[in-house]
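Student: Just so you know, the sequence shown maps onto residues 1 to 148 in full-length UniProt numbering. For glycine and all other residues, C-beta sits at the position ideal for the given N, C-alpha and C.
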Amino acid sequence: MSKTTKSTKTQQLSKEQLIEAVRKKKECNARAQAIVESLLERNINEDEFLRKLKDINQCHYDDIVDERNILRLCSYPLCDEILENVPTKQYQISTTTNKVYDITDRKKFCSTKCFKASEYIKSQMLTSPLWLRHQEIIPEFKLLKLND
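1. Helix, strand or coil, according to DSSP, for Leu-53 in the structure here?
2. Roughly how many whole angstroms lie between the Cα atoms of Asn-29 and Arg-51?
3. Does DSSP put Ile-121 in a helix, in a strand, or in coil?
4. So, is Ala-21 buried or exposed, given that buried needs 16 or more other C-beta atoms within 10 angstroms?
5. I need the DSSP call for Leu-143, collapsed to helix, strand or coil.
6. So which of Gln-135, Pro-139 and Cys-114 has the shortest CA-CA distance to Met-125?
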């Protein structure tokens, strides 16, 4: 095999790999978008929720939180509460700890329990690109029990 033929074959293989990578990226992003949209609904099953988490990353989860907030739903996907009487202030002063807390993110949830449960899920999620997941070990996601 001549050097030119070998070089052309290597370039062709790289081109095919690149095309496959782009296809896989599009497929993964489309699946993640469908999951984000499905988690904007109410009455989400826990098992279904946990199964879907492996196909999204933290950025997608942030999108779910923000979109549910826009819809005036508690931003924790497993909670069906509608947000009413959302505080307009940005900070909360704790008289017990004498500290000032930024509650911007907390206002997206109906309770501190839902906020903590959501943060617990998010902390377990991967941040890597979806199309590279086949090279990683996907964690087994666990829920923070709300009734504790």
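Tutor: Quick look at the numbers:
1. If you number the sequence shown from 1, residue 53 lands on position 53. Correct three-state label for Leu-53: helix.
2. For this step, residue 29 is matched to residue 29 along the sequence shown. For this step, residue 51 is matched to residue 51 along the sequence shown. Cα-Cα distance, rounded: 16 Å.
3. Taking the sequence shown and counting its residues from 1, the one referred to as residue 121 is at position 121. If DSSP states are grouped into helix, strand and coil, Ile-121 belongs with the helices.
4. By one-based count along the sequence shown, residue 21 stands at place 21. Result: exposed.
5. Position 143 of the sequence shown, counting from 1, holds the residue named residue 143. Reduced to three states, the DSSP call for Leu-143 is coil.
6. Along the sequence shown, read from residue 1 onward, the residue named residue 125 stands at position 125. That would be Pro-139, whose Cα lies nearest to the Cα of Met-125.
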